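S.K.: Numbering (the numbering used here), first residue to last: 4 to 114.
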């Protein structure tokens, strides 16, 4: 069971959710700033600022970050599953010893 807990700790330490959250916040801030400034700009200024916004959003490269995070998460889940499989007994017989039950008591509990 200790191996399972170690794998779980490793998985928790590896996650980079704060980075992705920061990237999303940065993208939203940029989009909102562009949206707020757009009504006061001429058509040409809006097109120029839109191009700059697109370049900035591409530089953030959110898709690559999410894909990397997803692969890391899948690898951690896989390792955790393997650790659980090693720690858990293969058969139920090994997990719990056989018990002799009184049929009368079983019927009384069921009914």
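Each residue gets a CB set at the ideal place from its N, CA and C atoms; glycine is no exception. No experiment lies behind these values; they were computed from the predicted model shown.
Count the other C-beta atoms from every protein chain shown that fall within 10 angstroms of the C-beta of residue 70, then say buried if there are 16 or more, exposed otherwise.
M.R.: Exposed, by the Cβ-count rule.
S.K.: What separation, rounded to the nearest whole angstrom, lies between the Cα atoms of residue 111 and residue 100?
M.R.: Between residue 111 and residue 100, the C-alpha separation is close to 23 angstroms.
S.K.: Quick one: which unbroken beta strand (DSSP E) runs of 3-plus residues sit fully inside the region 68-113? Chain order, please.
M.R.: With a minimum length of 3 residues, no continuous beta strand (DSSP E) run stays inside the region 68-113.
S.K.: In or out: residue 66 buried (at least 16 other Cβ within 10 Å) or exposed?
M.R.: Exposed, because fewer than 16 other Cβ atoms sit within 10 Å of the Cβ of residue 66.
S.K.: Is it the case that the region 49-56 contacts the region 23-40, given that we only count it when at least three CB pairs across the two stretches are under 8 angstroms?
M.R.: The region 23-40 vs the region 49-56: in contact.
S.K.: Less than 7 angstroms between C-beta atoms, sequence neighbours within five positions excluded: which residues of the same chain meet that for residue 84?
M.R.: Nothing meets the Cβ criterion.
S.K.: Assuming residue 23 and residue 72 make a contact with CB atoms under 8 angstroms, what is their CB distance in whole Å?
M.R.: Confirmed, Cβ separation roughly 6 angstroms.
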